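Below is one structure; the comments refer to it alone.
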Amino acid sequence: KAGVTQTPRYLIKTRGQQVTLSCSPISGHRSVSWYQQTPGQGLQFLFEYFSETQRNKGNFPGRFSGRQFSNSRSEMNVSTLELGDSALYLCASSLGGGLATRRGDTQYFGPGTRLTVL
Amino acid sequence: AQSVAQPEDQVNVAEGNPLTVKCTYSVSGNPYLFWYVQYPNRGLQFLLKYITGDNLVKGSYGFEAEFNKSQTSFHLKKPSALVSDSALYFCAVRANNNAGNMLTFGGGTRLMVKP
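So this is what it looks like as structure tokens:
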């Protein structure tokens, strides 16, 4: 099976711009989660989507948003970029259903999108 | 709220020696616990997880972890370290409930294995 894919792998933007990142989950996985990784804050949960609905949300401002499509692919959007948004954005997919959740529902991560805000 | 602590920023070990990377957690109710490894410019790779049952969990690449409920710990171990094990290791927790998949990660421990 192909793993989680993320596009693009690298992005350079300037302050005030907006950006959209894309994630394609492993085939058959219906849950997609997004994480931000920075040297200062470490790995922080952004949000999770399951069956096109946001199921969980982390403590990030409203500039960060996401969505999931019927084929489970997900996008996240960051508007009005700030310098502090420079980070590695990781997407993870998992089965997501009730039975999987009770069995730990392992998340598998993509390679990430490196966003640099100038 | 749930949290994870990895008390060591870096662990140094000689090749062939056993290694331990420490993790303690806090969560309401029973935990699901995970270990991931990250190589430079890569995403996280899943190593192993604890759900329930045996306290000793075996995972990929010869790694294992021991769950200790009384000490709220989930330390990662390997009997004989390899230079190729050098990487960044993350412990993560989430509550054993049906509230979805929000993982809380520790700050990471850099493992350096010297030849």
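The listed protein sequences correspond, in order, to chains Z and Y. According to this note's numbering, the residues represented by the first sequence are 4 to 121, in order. According to this note's numbering, the residues represented by the second sequence are 491 to 605, in order. Think of the CB as a built atom: it goes at the ideal place given N, C-alpha and C, for glycine as much as any other residue. Given the structure is predicted, the values throughout are model-derived calculations rather than measurements.
Rounded C-beta distance between residue i and residue j? I'm assuming under 8 Å.
i, j, result
"Tyr522/Y", "Val583/Y", "7 Å"
"Asn80/Z", "Thr23/Z", "5 Å"
"Ala585/Y", "Gln492/Y", "6 Å"
"Leu566/Y", "Arg600/Y", "Not confirmed; about 13 Å, so no contact."
"Gly113/Z", "Cys26/Z", "6 Å"
"Leu93/Z", "Leu593/Y", "In fact, because the Cβ distance is near 11 Å, the residues do not count as touching under 8 Å."
"Leu121/Z", "Ala90/Z", "Contact doesn't hold; Cβ gap of about 14 Å is too wide."
"Gly69/Z", "Glu78/Z", "6 Å"
"Thr83/Z", "Leu14/Z", "Going by Cβ atoms, the distance from Thr83/Z to Leu14/Z rounds to 15 Å, so no, they are not a contact pair."
Would you mind working out which of the options sits nearest residue i, comparing C-alpha positions?
i, options, result
"Tyr111/Z", "Val527/Y, Tyr529/Y, Leu578/Y, Phe536/Y", "Phe536/Y"
"Gly6/Z", "Gln44/Z, Thr17/Z, Ser97/Z, Arg117/Z", "Ser97/Z"
"Gly101/Z", "Thr41/Z, Arg33/Z, Gly19/Z, Asp88/Z", "Arg33/Z"
"Gly31/Z", "Val120/Z, Thr116/Z, Gly107/Z, Ala103/Z", "Ala103/Z"
"Asp544/Y", "Ser518/Y, Glu556/Y, Ser516/Y", "Glu556/Y"
"Thr562/Y", "Phe580/Y, Tyr529/Y, Ser518/Y, Ser576/Y", "Ser518/Y"
"Asp108/Z", "Thr8/Z, Val35/Z, Gln71/Z, Thr116/Z", "Val35/Z"
Is it right to say residue i is buried, meaning 16 or more other beta carbons lie within 10 angstroms of its own, or is it exposed?
i, result
"Leu86/Z", "exposed"
"Asn62/Z", "exposed"
"Ser560/Y", "exposed"
"Asn520/Y", "exposed"
"Tyr38/Z", "buried"
"Pro569/Y", "exposed"
"Glu51/Z", "buried"
"Lys539/Y", "buried"
Over the uninterrupted beta strand (DSSP E) stretch that includes residue i, give me the two end residues.
i, result
"Met79/Z", "77-81"
"Ser493/Y", "493-495"
"Leu91/Z", "90-97"
"Ser518/Y", "Ser518/Y -> no beta strand (DSSP E), and no H or E assigned at all."
"Lys604/Y", "599-604"
"Thr17/Z", "Taken as a continuous stretch (DSSP letters only), Thr17/Z belongs to no beta strand (DSSP E), as it is neither H nor E."
"Leu118/Z", "116-120"
Note down, one range per segment and in chain order, each beta strand (DSSP E) of at least 3 residues found wholly within the segment 23-71 of chain Z. 34-41, 45-53, 56-60, 67-71
Could you tell me which whole beta strand (DSSP E) segments of length 3 or greater appear in the segment 536-586 of chain Y? Correct list: 546-548, 554-558, 563-568, 577-585.
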